Every structure is written in structure tokens, then in C-alpha cells.
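**Q** Per this note's numbering, residue 98 is the first one in the sequence shown, and the count goes up by one each step.
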Amino acid sequence: METVNKLLSIDLNYIFIGMIVLFYSLEQILSTQFKFNKRPQHLGHNLLFQVAFYVCNIFYATVTVFSIAWLNKNQIGLFYLIQVPVWVKLIIGVAMFDMVSYWFHRIAHRVPVLWRFHRVHHSDTSMDASTFFRGHPIESLLWFGTSNILAAGIFGLDLMSLGLYFLIATPFFFLEHANLKFPTWVDKTVGLIFTTPNVHKVHHEQDQYYTDSNYSDIFILWDRIFGTFKYKPPEQIKFGLKEFENDKKQTFWYLMKSPFIRMGRVTSEDLKKENKFS
Ligand SMILES: [Zn+2]
Ligand SMILES: [Zn+2]
98 METVNKLLSI
108 DLNYIFIGMI
118 VLFYSLEQIL
128 STQFKFNKRP
138 QHLGHNLLFQ
148 VAFYVCNIFY
158 ATVTVFSIAW
168 LNKNQIGLFY
178 LIQVPVWVKL
188 IIGVAMFDMV
198 SYWFHRIAHR
208 VPVLWRFHRV
218 HHSDTSMDAS
228 TFFRGHPIES
238 LLWFGTSNIL
248 AAGIFGLDLM
258 SLGLYFLIAT
268 PFFFLEHANL
278 KFPTWVDKTV
288 GLIFTTPNVH
298 KVHHEQDQYY
308 TDSNYSDIFI
318 LWDRIFGTFK
328 YKPPEQIKFG
338 LKEFENDKKQ
348 TFWYLMKSPF
358 IRMGRVTSED
368 LKKENKFS
């Protein structure tokens, strides 16, 4: 428990900085999977999202801590009905935060008003590790923040499990978006249980048939169990959304206001028709 406590005392922001420096360098040095134009500008726009997230999170982190502490104080949730060792509670806790987040993510693809915010994450036409930062702060904090509070309320999870969940999920987030080549045997082994980079990239494919799949952050098991797992070889993937295929629509300011701009979602059918005539 001592080690877990020590790990949890590390500020996540330092991990974010360390990870982006590491992956940005690796993507510069190693052979990458996709061709890239204007990397520094791309990084700049995505980093602005992280700054916006950081500023808004000062408020939302307080709300989350306060809400979960209140739920725990009133002993709300399944874990208060049964006696289990702390380590079991921690492992199951991480899995349950991940499962509730899976459902919130899936709903964000289905409900139009939520998709308006979530499509910001999918808008990136040239993906690298910094794409993880690209998420509208209203969605990242309000929607996914609610997901964590709800998971804590249903299962009786505490802040320690939430800290551990973030600690485990963060390296996944960077790896899943990194513009690096990953062999397909990883998908056939580790990928039976965990979300691998190639599998998350299918989620960023332009064609809605694939966009609406592989919602899990850590455990791909949720997609396998709930029937949303799909696969496409990484070399065939085209990133982004047709609606955002324009340099002017890839800037921080445009993307920040984009949830308030009406634009129809391009379906798989629309895409097929468009490709036929072009
Ligand atoms: Zn998504
Ligand atoms: Zn993603």
C-alpha cells in the first residue's frame, strides 16, 4: 500500500509533461506510421487544449473530490455492502471506472449534442501523441468527470482508486495516439484484454462504421463483451472527420467554438457516395 500511496502522490501534470516530451522525441527519431506536415503547429494547437483543460480542471477537480468524499462518507455504493481486501477493491475499482467511462464514451457517439463536443477529439487529421490532449474541456471535465462520480457512487469507490485509474490510464492515452509503428502480434496477444495503439487508431478512422467502435480506454474487454470491437489494419486507416478536413478547422480557436457550429455528421454512406464521384 505504501508504494501505491507514493505513486498516487505524483502530480499527474508532471507525468503529462514527461510523456509528451518522451513521445514527441520518439516520434521524431523512430520510424513513424504516418506522414506528417507542420508538426510544431499541430503540437501548438493541441497543447493549448491541455492548457484550457488545466485551467478548467482547477474547478472540476474540486467538485469531483468533494462529491466522491461525500459519497464515501455516507457509505454509498456496492463495496459498502460487502467486505473485500483493499487490493481487490483497488483492482476492481480501476476496472469499474474504465467500464463506466466506456459507456459514457459510447453515449457521446450516439447523442447529437454530446457528439458536438466529442467530435473535437476525433477531428485530428494527422494523429500523434499530442492528439490525446485534443478534447473539448467542457466534455473532458463535465461529461467524463460525471462518469467518474457516477462510478464511485454505484460501486462505492474512493479517491485512491480514482488516482490509480488515472495513473494506469495515462500511459495508455499517450501510447494509443502515438504516431509509431506497433506490430500486429501485439493486437493478437495483449490486445485480447487491453486497448492497443492499433485498436484505438481504428476508433479515429474517418469512416463512421469504424469511428463508432473500440470505445475502451484501458480494457478492450468492454468492447468485446458489449459487441463494439472492430479491427482494420493500421496502414489502411484514414484519420479524422470529413467535416474537419480543412487546415482552418484544425486550429485551437475554431475547435473550441466548433460544438456551437451546426454541421451534419458525414455517415459511411455519404463517404462512399463522395468517394465514388471524386
Ligand atoms: Zn470517441
Ligand atoms: Zn483517441
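Ideal Cβ positions, reconstructed from N, Cα and C, are used throughout, including at glycine. Just so it is clear, the structure is predicted and the values come from calculations on it, not from any experiment.
Phe357 and Ile317 look like a contact to me (Cβ under 8 Å); what is the Cβ gap, rounded to whole Å?
**A** Counting from one through the sequence shown, the residue named residue 357 turns up at place 260. Counting from one through the sequence shown, the residue named residue 317 turns up at place 220. Actually they are not in contact, since the Cβ atoms of Phe357 and Ile317 sit about 33 Å apart, beyond 8 Å.
**Q** By DSSP, does Phe291 sit in helix, in strand, or in coil?
**A** Reading the sequence shown from its first residue, position 194 is the one you call residue 291. Note: Phe291 maps to strand in three-state DSSP.
**Q** Do Phe214 and His274 come within 8 Å of each other at the CB atom, strictly closer than that value?
**A** Taking the first residue of the sequence shown as 1, we reach residue 274 at position 177. Taking the first residue of the sequence shown as 1, we reach residue 214 at position 117. No, the pair does not count as a contact, with Cβ atoms beyond the cut-off.
**Q** Tell me, please, whether the stretch 277 to 289 touches the stretch 132 to 141 by the rule of three or more beta-carbon pairs shorter than 8 Å.
**A** Judged by Cβ distances under 8 Å, the stretch 277 to 289 makes no contact with the stretch 132 to 141, as fewer than three pairs qualify.
**Q** Tell me which residues share the same chain as Tyr306 and place their Cβ nearer than 8 Å to its Cβ, disregarding the 5 neighbours each side in the sequence.
**A** Along the sequence shown, one-based indexing puts residue 306 at 209. Correct list, in chain order: Lys327, Ser365.
**Q** Please report the straight-line C-alpha distance between Ser106 and Lys186, rounded to a whole angstrom.
**A** As a first step, residue 106 is located in the sequence shown; it is residue number 9 there, counting from the start. As a first step, residue 186 is located in the sequence shown; it is residue number 89 there, counting from the start. The straight-line gap from Cα to Cα measures roughly 19 Å.
**Q** Pair every Cβ in the stretch 111 to 128 with every Cβ in the stretch 209 to 226, then say whether three or more of these pairs are closer than 8 Å.
**A** Result yes; three or more Cβ-Cβ pairs closer than 8 Å.
**Q** Tell me the rounded alpha-carbon separation between Leu368 and Ser220.
**A** In the sequence shown, counting from the first residue as 1, residue 368 sits at position 271. In the sequence shown, counting from the first residue as 1, residue 220 sits at position 123. Approximately 16 Å between the Cα atoms of the pair.
**Q** Let's test the definition: count the other Cβ atoms within 10 Å of the Cβ of Val148 and tell me whether it reaches 16, buried, or not, exposed.
**A** Here residue 148 refers to the residue found at position 51 when the sequence shown is read from its first residue. It is exposed - the Cβ of Val148 has fewer than 16 other Cβ atoms within 10 Å.
**Q** Could you please give me the residues that DSSP links to Glu302 through a beta bridge?
**A** For the purposes of this step, residue 302 is taken as the residue at position 205 of the sequence shown. Note: Glu302 sits in a beta bridge opposite Phe336.
**Q** With a CB to CB cut of under 6 Å and the five nearest residues on each side skipped, what residues in its chain are close to Thr267?
**A** As a working mapping, residue 267 is identified with position 170 in the sequence shown. Within the same chain, Thr267 has close Cβ partners Ile112.
**Q** Among Tyr312, Asp304, Gln303, whose alpha-carbon lies nearest the alpha-carbon of Thr293?
**A** Here residue 293 refers to the residue found at position 196 when the sequence shown is read from its first residue. Nearest option by C-alpha distance: Tyr312.
**Q** Along the alpha helix (DSSP H) that carries Ala226, what are the first and last residues, could you check?
**A** Start at 1 with the first residue of the sequence shown, and residue 226 comes out as number 129. Run containing Ala226: none; DSSP gives neither H nor E here.
**Q** Looking at the secondary structure, which residues open and close the alpha helix (DSSP H) in which Pro209 lies?
**A** For this step, residue 209 is matched to residue 112 along the sequence shown. From DSSP, the alpha helix (DSSP H) with Pro209 extends over 209 to 219.
**Q** Applying the 10 Å Cβ sphere with the 16-neighbour rule, what's the burial state of Lys298?
**A** The residue you call residue 298 lines up with position 201 of the sequence shown. Lys298 is buried by the Cβ-count criterion.
**Q** Closer than 6 Å by C-beta to Phe133: which residues in its own chain qualify, once you throw out the five before and the five after it? Chain order, please.
**A** Walking along the sequence shown from the start, residue 133 turns up at place 36. Cβ within range, chain order: Ser223.
**Q** Can you check whether the CB of Gly232 is closer than 8 Å to the CB of Phe146?
**A** If you number the sequence shown from 1, residue 146 lands on position 49. If you number the sequence shown from 1, residue 232 lands on position 135. Yes, the pair counts as a contact, with Cβ atoms nearer than the cut-off.
**Q** Is Gly253 closer than 8 Å to Phe194 when the C-beta atoms are compared?
**A** On the sequence shown, residue 194 is found 97 positions in, with the first residue counted as 1. On the sequence shown, residue 253 is found 156 positions in, with the first residue counted as 1. No, they are not a contact pair.
**Q** Determine the direct distance from the alpha carbon of Phe201 to that of Val208, and round the result to whole angstroms.
**A** On the sequence shown, position 111 is the one that residue 208 refers to. On the sequence shown, position 104 is the one that residue 201 refers to. Roughly 10 Å between the two C-alpha positions.
**Q** What are the boundary residues of the alpha helix (DSSP H) that Glu124 is part of?
**A** In the sequence shown, the residue the question calls residue 124 occupies position 27. Segment 109 to 126, the alpha helix (DSSP H) holding Glu124.
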